[in-house]
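Notes to accompany the following structure.
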Amino acid sequence: MDEQFSLELPAMLRQAGEDALKKCNAMTARFGLTLTPAEISELAGRQLTALRDTGRVEFGEGVLQKLVHAFCDSPYFLPDNYAETLAELLDAFYWFKNESEDRIPDDELIEQMRAVFDGRAQGSAEYLSGLTPEELSRYARGNWDPEDADDMGDLF
Amino acid sequence: MTAGEGLSLRTEGLTDEEQAALQGRLWGLLSRRTAQYTLGDSSSVPEKLAGELLESLCFTLEEGLEAEQAPPRRLVTEPLDALLLRGQDALRVKTAETERLWRTACLSAPDIDNIALRDTLRSIGGFFRQYDLLFLAHQIPCDIDYQLLCPVSGELRGVEYLREYLRRIVAENALLRAFSGERVARLLERSCPDYRGLLINLCEPVLLNAAGLALLGGDIGALGLTEEERHRLAEHLAPLNPEQGRQALVQAARMVCAAAGLGEGFAADYLAGAAAEQWPRAAAALAAGDLSEVFFSLK
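Chains A and B supply the protein sequences, listed in that same order. Take 513 as the starting number for the first sequence in this note's numbering and just add one per residue. Take 548 as the starting number for the second sequence in this note's numbering and just add one per residue.
Okay, structure coming up:
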């Protein structure tokens, strides 16, 4: 008898991911950011959708926690839009991974996303999502001055 | 995330519970192997890559079981990493054996200028540099264009496939080299004037003609059949039903192998089986009343 094996994330690991996200609340609370159980569940579902939509498979603890850790002290992360912004960053993350053909390591990509999010994107995950990986890397490397935004061809 | 669907690992005798446990164990192993593959740089990979890594794991684990003649239950009773290492060891041995076979195939290749055979053997040489036994063991990183008498089963993967392909090439080479090169060239010229450039099997007309002569009790080494010999062969084959026809070709091929000094090992079995596969062609030619495009003359 042949048994088929799939790449579906085992339910046990999905739960472990949600539990880990709950633990992040302790760390983000000092920035006034917490996720409700409903938001955590929604984010976990959003992650599965994002992975499916981008044709990727994730192992280990997942990238959501890394995003929380990397972005929680961003001045643009507000309690009202915390969960939604995280979800948008998650989508952007997988999109950049695919578009760069996995050439940018996770940690480096998150670092670049944070630099541009706080700089040129001025907290807009939507703006971030509109960049190519090359633009992201270039903008992350360059110094962004909000006073020169017009000269730099920004949307803002 | 459904790229893994369709992948399989033999799990005979495992209960549903054990199979569910195995799924979890495999996921854990795949997770560790993916981290090694990406050097820890990425917690996610494209589904296609994950599917390839999983297929390689399943293939290597099967090798590990086979090496110890172990039942599938081992998949849930011992650490998969250990079984994987044993599978990799078994594959290393097979790869070394396959490389020796490749050298034999190159050294025994007939002195016939056939582009597909030459390019295929050259490309297989690159396999031993490209083969990723650790992560993509099921893949065959070389171009195999040359058509065998009997194709290797598509179920074989990685070095297993290549080893079987080369065993068959060596058997075919041995038969071709048993005959005069000049006669073989003339026969190929008759059966396929562009035998140098087309994707054809060089051994097929040689085996069939020699088998035809063997059935008539003629001089196998002559390789060509006269009109009169073809007529006698038609009389010999016409009354046979398909099973008898296949058997006749098998026996004839064994006589050819004996005459060629191939003994009774793998080569003789393979060539006899290949000869049997030619019966439908012979039967169709018999029905059409013309064997000249199956059993060739050299003139």
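Idealized CB from N, CA, C, for every residue including glycine. All of these numbers come straight from a predicted model, not from anything done at the bench.
Q: Pick helix, strand or coil for B/Ser591, following the three-state DSSP scheme.
A: Within the second sequence, residue 591 of chain B is the residue found at index 44, counting from 1. In the structure shown, B/Ser591 sits in a strand (DSSP, three-state: E or B).
Q | B/Leu734 versus B/Leu845 - alpha carbon distance | A | Working through the second sequence from its first residue, we reach residue 734 of chain B at position 187. Working through the second sequence from its first residue, we reach residue 845 of chain B at position 298. Taking the straight line from one Cα to the other gives about 6 Å.
Q: Check A/Leu621 in the structure and name its three-state DSSP category.
A: Taking the first sequence and counting its residues from 1, one reaches residue 621 of chain A at position 109. A/Leu621: helix per DSSP, three-state reduction.
Q: Work out the CA separation of B/Ser727 and B/Val803 for me, nearest whole Å.
A: Translated into positions along the second sequence, residue 803 of chain B becomes position 256. Translated into positions along the second sequence, residue 727 of chain B becomes position 180. When rounded, the distance between both Cα atoms is 14 Å.
Q. According to DSSP, is B/Leu755 helix, strand or coil?
A. Here residue 755 of chain B refers to the residue found at position 208 of the second sequence. Of the three classes helix, strand and coil, the one that applies to B/Leu755 here is helix, per DSSP.
Q.
Closest to B/Cys605 by C-alpha separation, out of B/Gly672, B/Cys697, B/Leu703, B/Ser591, would be which residue?
A. Here residue 605 of chain B corresponds to residue number 58 of the second sequence, with the count starting at 1. For the options B/Gly672, B/Cys697, B/Leu703, B/Ser591, the alpha carbon positioned closest to that of B/Cys605 is the one of B/Leu703.
Q.
Taking the alpha-carbon of B/Leu654 as reference, which of B/Phe674, B/Arg724, B/Val841 has the nearest alpha-carbon?
A. Taking the second sequence and counting its residues from 1, the one referred to as residue 654 of chain B is at position 107. Per the Cα distances, B/Arg724.
(Q) Whole angstroms are fine: how far does the CA of B/Thr773 sit from the CA of B/Arg665? (A) Translated into positions along the second sequence, residue 665 of chain B becomes position 118. Translated into positions along the second sequence, residue 773 of chain B becomes position 226. Rounded to whole angstroms, B/Arg665 to B/Thr773 spans 32 Å at the Cα level.
Q. What are the complete alpha helix (DSSP H) segments, minimum 4 residues, inside the stretch 560 to 597 of chain A?
A. 576 to 583
Q: State the DSSP-derived secondary structure class of B/Arg557, mapped to helix, strand or coil.
A: Within the second sequence, residue 557 of chain B is the residue found at index 10, counting from 1. The answer is strand: DSSP assigns B/Arg557 an E or B state.
Q. Are there 16 or more other CB atoms within 10 angstroms of the CB of A/Asp614, so buried, or fewer, so exposed?
A. Within the first sequence, residue 614 of chain A is the residue found at index 102, counting from 1. Classification of A/Asp614: buried, given that the 10 Å Cβ count is 16 or more.
**Q.** CB contact flag (B/Ala769, B/Ala822, <8 Å)
**A.** Looking up residue 769 of chain B in the second sequence gives position 222. Looking up residue 822 of chain B in the second sequence gives position 275. Cβ distance not < 8 Å, so B/Ala769 and B/Ala822 don't count as in contact.
Q. Quick one: which chain B residues come within Cβ less than 8 Å of A/Phe608?
A. Walking along the first sequence from the start, residue 608 of chain A turns up at place 96. Neighbours of A/Phe608 on chain B: none; closest Cβ ~12 Å, over 8 Å.
Q: Consult DSSP for B/Glu841 and reduce its assignment to one of helix, strand or coil.
A: In the second sequence, counting from the first residue as 1, residue 841 of chain B sits at position 294. Here the sequence assigns Val to residue 841 of chain B, which means Glu is not the residue at that position. DSSP places B/Val841 in coil when its eight states are reduced to three.
Q. Can you name the residues of chain A whose CB is closer than 9 Å to the CB of B/Ser590?
A. Taking the second sequence and counting its residues from 1, the one referred to as residue 590 of chain B is at position 43. Those within 9 Å of B/Ser590 in chain A are Glu570, Phe571, Gly572, Glu573, Gly574, Val575, Lys578, Asp618.
Q: Note down, in chain order, every chain B residue with its Cβ under 9 Å from the Cβ of A/Asp614.
A: By 1-based counting over the first sequence, the position of residue 614 of chain A is 102. Per Cβ cutoff of 9 Å: Thr585, Asp588, Ser589, Ser591, Val592, Pro593, Leu596.
Q: For B/Ser578, return the contacting residues in chain A, with the cut-off set at a CB-CB distance below 7 Å.
A: If you number the second sequence from 1, residue 578 of chain B lands on position 31. The contacting residues are Phe571, Gly572.
Q: Closer than 6 Å by C-beta to B/Leu627: which residues in its own chain qualify, once you throw out the five before and the five after it? Chain order, please.
A: Locating residue 627 of chain B in the second sequence gives position 80, counting from the first residue. Correct list, in chain order: Arg572, Leu576.
Q. Expressed to the nearest angstrom, what Euclidean distance is found between the alpha-carbon atoms of B/Leu600 and B/Glu775?
A. Mapped onto the second sequence, residue 600 of chain B falls at position 53. Mapped onto the second sequence, residue 775 of chain B falls at position 228. The straight-line gap from Cα to Cα measures roughly 60 Å.
Q) Excluding sequence positions up to five away, which residues of its chain have a Cβ less than 7 Å from the Cβ of B/Gly560? A) On the second sequence, residue 560 of chain B is found 13 positions in, with the first residue counted as 1. Excluding sequence neighbours, B/Gly560 sits near Pro618, Pro619, Arg620.
Q: Give a yes or no on whether 8 Å exceeds the smallest Cβ distance from B/Thr607 to chain A.
A: Along the second sequence, read from residue 1 onward, the residue named residue 607 of chain B stands at position 60. Judged by the 8 Å Cβ criterion, B/Thr607 is not in contact with chain A.
Q. Nearest to B/Leu680 by CA position, among B/Ala663, B/Glu707, B/Gly701, is which residue?
A. By 1-based counting over the second sequence, the position of residue 680 of chain B is 133. Residue B/Glu707 is the option with its Cα nearest to B/Leu680.
Q.
Could you tell me the alpha carbon to alpha carbon distance between B/Leu754 and B/Trp826, rounded to whole angstroms?
A. Within the second sequence, numbered from 1, the residue matching residue 754 of chain B stands at position 207. Within the second sequence, numbered from 1, the residue matching residue 826 of chain B stands at position 279. Between B/Leu754 and B/Trp826, the C-alpha separation is close to 12 Å.
Q) Would you report the Cα separation of B/Arg779 and B/Arg730, rounded to the nearest angstrom? A) On the second sequence, position 232 is the one that residue 779 of chain B refers to. On the second sequence, position 183 is the one that residue 730 of chain B refers to. Approximately 22 Å, taken between the alpha carbons.
Q.
Going by DSSP, what residue range makes up the alpha helix (DSSP H) through B/Ser738?
A. In the second sequence, the residue the question calls residue 738 of chain B occupies position 191. Here the alpha helix (DSSP H) through B/Ser738 covers 728 to 738.
Q. What does B/Ala582 reach in chain A if we use C-beta pairs closer than 8 Å?
A. Residue mapping note: residue 582 of chain B aligns to position 35 of the second sequence, counting from 1. In chain order: Phe571, Gly572.
Q) Would you report the Cα separation of A/Glu551 and A/Asn610, rounded to the nearest angstrom? A) Here residue 551 of chain A is taken as the residue at index 39 of the first sequence, counted from 1. Here residue 610 of chain A is taken as the residue at index 98 of the first sequence, counted from 1. Between A/Glu551 and A/Asn610, the alpha-carbon positions lie close to 26 Å from each other.
(Q) Distance check for B/Arg828 and B/Pro698, CA to CA, integer angstroms please. (A) Numbered from 1 along the second sequence, position 151 holds the residue referred to as residue 698 of chain B. Numbered from 1 along the second sequence, position 281 holds the residue referred to as residue 828 of chain B. Approximately 17 Å between the Cα atoms of the pair.
Q: Please work out which residues of its chain come closer than 7 Å, Cβ to Cβ, to B/Ala568, disregarding the five sequence neighbours upstream and downstream, and give them in chain order.
A: Sequence index remark: in the second sequence, residue 568 of chain B carries index 21 (1-based). Result list for B/Ala568: Val623, in chain order.
**Q.** Rounded distance between the beta-carbons of B/Tyr584 and B/Thr642, thought under 8 Å
**A.** Taking the second sequence and counting its residues from 1, the one referred to as residue 642 of chain B is at position 95. Taking the second sequence and counting its residues from 1, the one referred to as residue 584 of chain B is at position 37. The C-beta distance from B/Thr642 to B/Tyr584 rounds to 20 Å, too long to meet the 8 Å contact threshold.
Q.
Helix, strand or coil, according to DSSP, for B/Ile659 in the structure here?
A. In the second sequence, residue 659 of chain B corresponds to position 112, counting from 1. Coil at B/Ile659, not helix or strand.
Q: Determine the extent of the alpha helix (DSSP H) in which B/Arg777 is found, giving its start and end residues.
A: Here residue 777 of chain B refers to the residue found at position 230 of the second sequence. Start and end: 774 to 784.
Q. So which of A/Glu554, A/Ala652, A/Leu601, A/Gly574 has the shortest CA-CA distance to A/Ala528?
A. Walking along the first sequence from the start, residue 528 of chain A turns up at place 16. Considering only A/Glu554, A/Ala652, A/Leu601, A/Gly574, the residue with the shortest C-alpha distance to A/Ala528 is A/Gly574.
Q: Check A/Gly654 in the structure and name its three-state DSSP category.
A: On the first sequence, position 142 is the one that residue 654 of chain A refers to. Correct three-state label for A/Gly654: coil.
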